[in-house]
Amino acid sequence: MTVVDEIKARLDIVTYIQQYAPLKKAGRYYKACCPFHSEKTPSFTVNPDTQSWRCFGACAEGGDVFSFAMKQHGWTFNEALQALGQMVGVEARQQSPEQKQHSDQLDQLRGLLSVAAELYHHLLTETPIGAATLQYAREQRGFSDDTLTRFQIGFAPEGWHTLLDELKQLGYTEDQALAAGLAKRSDKGRVYDVFRNRLMIPIRDERGRVTGFGARALSPDDSPKYLNSPQSAVFDKSKTLFGLDTAKKAIRETETAVIVEGYMDAIQAQQAGYTNVVAQMGTALTEDQLKLIAPRYAKKIILALDADAAGQNATMRSLDVARQTLQADFAGRLSVDFRILHIPDAKDPDDFIRADPQGWANAVDHAIPVADFVIDVETRDLPANASLQEREAVARRVLPVLIASESDLYAKDNLQKLARRLRIGERDLLAWAQREAPPPKPMPKAPPLAPVVDNDDDAPYMPPLDYDRLPPPEWDGRADDVTYADGTTVHIAQATPAMRPPMPDIRRPPTQSNQGYALEAYCLRMLLLQPDLLYTVNRKFRELAKGQSGLLKGALCDLGADDFQHSVYRAVMSLLEAALRQDEGEALAYVREQLNPLLLPTFERLLLPEADELYDRLRQRFEGDVRTSWQQHERRRSGLTNATVEMVDKALRLRLTRLKRETEALRFLQMDIADELTDSEAESEQAEAEAMTYIQALRSPMQAQPLIETELKQLSRYFV
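Residues are numbered in the working numbering as their position in the sequence shown, beginning at 1, plus a constant of 1490.
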């Protein structure tokens, strides 16, 4: 039993979810209003038999207890594994002594920073020395007492050792304060407080842990006006979005993130009720900051940087970063919708919201498309009699942004706008656009699907004409070398369980754990080895949807973790999606590096060459399945099967399996509602409302199933 299976065996999903949603028994299911979006009629269901959950409403997501914990808390799979394991007493981390020492040091630094935040907050709110600053925070910054408490805003006095002295009394050392960025060492060797006479703003990571501070000068003579913690082992400004810990729930619910420049702007926005606002804390958005929210939480990002020239330049640089980051994604995913918020009278968001809180909502609603903003900024100072060379230079700067959209329709509309503004023919712009378009991201080279056969001559391997009538080879259990798809080779006698899981007893009948996930394993293995196949699969889903938004957002959405029931496969698929959004290394290496070591045995099994993996599977099949499996392997080995076509076929079958599972659940829920009808008018109205919710939820899967089945029939001719 893997650590994932052991945690799921000890932690009942109904008991766990009951902490966050008031589940009500409904036949064989439990139901409630979804905890992830606002609704009046329950669309959230939990199946205790399969230990799974599903939202049939706006979320249209589902999974197991791990996926619920990840969505509820914003955790990664590794974080959920650790937290749930600790809850049920299962050790979910295997660390070397060096790793444990490093992890303990990071925990100590975060603990020290948390203590410092408490001390600063105490000095501001509960001591005479902080009274003047408290008045400043309330009256001049406009912070309410609730905001001061929620963000734990504090005060650093003028003294050179105020914080250090307090920390030493608590048992912390100067070296720890230095490592946390709370103290500095002078040229003469003296250690002193970094922050003095400043309003202190704790900076937290997305899990709410204090990692650093932002400090606003209280005296006009102090410079700089804003001072951030130096980079440390736990703080990197370029990888942090201020306020994400308090904003991610609203961002997830609205699928929209508003990014402002400074933490004062973000605090003021969240205080006014606009809780999907975060701050980038710098002059331009970074790739790491963007990846914290898109597409994990947000499908729309609104940039609301300062309206002065510096702010507009920062917006342009942020857009360039966003364009390059999103272009790295070749998984067939529509680009994140970027908008630019224009603040009247060139005000900062902080000043604007304090002056007109309601006006902020209107400004957000009227945020303009990126193309309009870029065209306006780049052509604003262009003379009326600009030369062709000047206009061409503008076009070449603007075109990369305009053509970044995946939608040809949007790109064409943007080119028309630019052509009119620059008085340049649309054909010329289109030709330039094609030259300016970046080359496609190179795909990882796919290894062969079958092992290479060594022959005496150089002739290619050809299967016998009657291969489909040949019996599969007998498994004799002889020792052999195991060569993984990434090239790693090890003798089976030396293979560890992490390299090659033990073979199950051939007499054991197939079960859900060893047979029901075969389709998932195949799809995931192919995507790991040839990530570009995900683009092809998603394109097929879009072709079938034919532009119908209900299908594109529902039953024919992009292939993702929700298509996999196996907990480890879901985690690997999520990491693969993240890997395709980065360009620092190959996807396979990224997934292996990020995956929890306890999950590596299952992951490595996925990467077995097809022949080795087939031997494993054949030992788990009944005799009637063995011939079919071997024949399919021979067809792939001989090149008689197109890998791309087969992957599309398998992905469609995987999606069809998911849709049938969801349809069955909805049917049961409908039957349960019929049993709940009573003479009470109020209860009957509630039941009818629930029934309508499930009918609406059924539309997308019911509409998609025949489309997929028809496509599968068309594809079947490739396998005859």
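Ideal Cβ placement from N, Cα and C applies to all residues, glycine included.
Using 10 angstroms around the beta-carbon of residue i, count the other beta-carbons present and answer buried if the total reaches 16, otherwise exposed.
{"i": "D1755", "result": "buried"}
{"i": "L1672", "result": "buried"}
{"i": "S2057", "result": "buried"}
{"i": "I1843", "result": "buried"}
{"i": "I1865", "result": "buried"}
{"i": "P1692", "result": "buried"}
{"i": "M2137", "result": "buried"}
{"i": "R2111", "result": "Interpretation of R2111 is limited by its pLDDT of 44, a score under 50 that renders its predicted location unreliable; the figure taken from the coordinates is listed afterwards. Buried, because 16 or more other Cβ atoms sit within 10 Å of the Cβ of R2111."}
{"i": "H1832", "result": "exposed"}
{"i": "D2053", "result": "buried"}
{"i": "T1639", "result": "exposed"}
{"i": "A1853", "result": "buried"}
{"i": "E2180", "result": "buried"}
{"i": "G1733", "result": "buried"}
{"i": "T1566", "result": "buried"}
Quick one: grab the DSSP three-state call for residue i.
{"i": "R1631", "result": "coil"}
{"i": "C1545", "result": "strand"}
{"i": "V1867", "result": "helix"}
{"i": "K1515", "result": "strand"}
{"i": "L1872", "result": "coil"}
{"i": "K2140", "result": "helix"}
{"i": "D1726", "result": "coil"}
{"i": "A1821", "result": "Caution is warranted here: a pLDDT of 35 is assigned to A1821, below 50, making its placement in the model unreliable, and the coordinate value is therefore given only provisionally. DSSP places A1821 in coil when its eight states are reduced to three."}
{"i": "A1784", "result": "coil"}
{"i": "I1858", "result": "strand"}
{"i": "M2182", "result": "helix"}
{"i": "D1827", "result": "strand"}
{"i": "R2224", "result": "A question about residue 2224 goes unanswered here, because the residues of the chain that appear run from 1491 up to 2210."}
Nearest-angstrom Cα distance between residue i and residue j?
{"i": "T1765", "j": "G1752", "result": "15 Å"}
{"i": "R2082", "j": "S1593", "result": "20 Å"}
{"i": "L1708", "j": "M1690", "result": "10 Å"}
{"i": "L1624", "j": "P1839", "result": "22 Å"}
{"i": "Q1906", "j": "R1699", "result": "48 Å"}
{"i": "H1856", "j": "I1757", "result": "22 Å"}
{"i": "I1741", "j": "Y1787", "result": "6 Å"}
{"i": "A1462", "j": "L1809", "result": "What is shown of the chain runs 1491 to 2210, which leaves residue 1462 out entirely."}
{"i": "E1616", "j": "F1685", "result": "19 Å"}
{"i": "L1472", "j": "L2078", "result": "There is simply no residue 1472 to check, as the chain begins at 1491 and stops at 2210 in what is shown."}
{"i": "A2141", "j": "L2049", "result": "8 Å"}
{"i": "P2196", "j": "A2187", "result": "16 Å"}
{"i": "L2042", "j": "Q1591", "result": "47 Å"}
{"i": "A1762", "j": "T2200", "result": "52 Å"}
{"i": "A1874", "j": "V1867", "result": "15 Å"}
{"i": "S2206", "j": "C1524", "result": "40 Å"}
{"i": "A1794", "j": "Q1848", "result": "16 Å"}
{"i": "A1784", "j": "A1570", "result": "20 Å"}
{"i": "D1495", "j": "S1634", "result": "47 Å"}
{"i": "A1440", "j": "P1720", "result": "Outside the displayed range of the chain (1491 to 2210) lies residue 1440, so it cannot be described from this structure."}
{"i": "Y2012", "j": "K1789", "result": "30 Å"}
{"i": "A1940", "j": "L2014", "result": "The pLDDT assigned to A1940 is 37, lower than 50, so where the model puts this residue is not dependable; a value taken from the coordinates is nonetheless given after this. The straight-line gap from Cα to Cα measures roughly 17 Å."}
{"i": "L1451", "j": "Q1659", "result": "This structure cannot speak to residue 1451, because the chain is shown only from 1491 to 2210."}
{"i": "R1911", "j": "K1837", "result": "28 Å"}
{"i": "Y1520", "j": "G1552", "result": "14 Å"}
{"i": "N1904", "j": "L1919", "result": "11 Å"}
{"i": "R1829", "j": "I1791", "result": "6 Å"}
Going by C-alpha distance, which of the options is nearest residue i?
{"i": "F1546", "options": "A1784, E2201, L2197, P2191", "result": "P2191"}
{"i": "E2033", "options": "A2194, E2175, Q2020", "result": "A2194"}
{"i": "I1749", "options": "G1553, L1717, G1801, G1704", "result": "G1801"}
{"i": "A1705", "options": "I1643, A1853, G1620, I1619", "result": "I1643"}
{"i": "R2145", "options": "G1579, K2030, G2040, L1872", "result": "K2030"}
{"i": "A1913", "options": "L1920, K1902, R1881", "result": "Checking the displayed sequence, the identity of residue 1913 turns out to be Arg instead of Ala. Cα-wise, what sits closest to R1913 is R1881."}
{"i": "P2087", "options": "N1568, M1560, K1561, G1553", "result": "N1568"}
{"i": "T1869", "options": "L1892, L1908, A1845", "result": "L1908"}
{"i": "H1611", "options": "L1653, K1521, Y1662, Q1598", "result": "L1653"}
{"i": "V1597", "options": "S1542, Q1666, T2092, L1889", "result": "Just to set this straight, residue 1597 is Asp in the shown sequence, not Val. Here the closest residue by C-alpha is Q1666."}
{"i": "T1492", "options": "V1580, E2010, L1609", "result": "V1580"}
{"i": "D1467", "options": "R1697, N1687, F1732, G1733", "result": "Absent from the model: residue 1467. The displayed extent of the chain is 1491 to 2210, so no value can be given."}
{"i": "Q2160", "options": "A2177, Y1716, L1780, L1609", "result": "A2177"}
{"i": "D2162", "options": "K1514, I1497, I1503", "result": "K1514"}
Next item on the list: Examine the Cβ distances between the stretch 1533–1542 and the stretch 1503–1520 and report whether three or more of them are shorter than 8 Å.
Entry: Proximity of the stretch 1533–1542 to the stretch 1503–1520 meets the contact definition, three or more beta-carbon pairs being nearer than 8 Å.
Checklist line | Contact between the stretch 1525–1534 and the stretch 2024–2031 (3+ Cβ pairs under 8 Å) | finding: Touching, no.
Next item on the list: For the stretch 1722–1734 and the stretch 1664–1671, state whether three or more C-beta atom pairs, one from each stretch, are separated by less than 8 Å.
Entry: Touching, per the Cβ criterion.
Check: Does the stretch 2149–2160 come within contact of the stretch 2008–2022, defined as at least 3 CB pairs closer than 8 Å?
Finding: Segments in contact, no.
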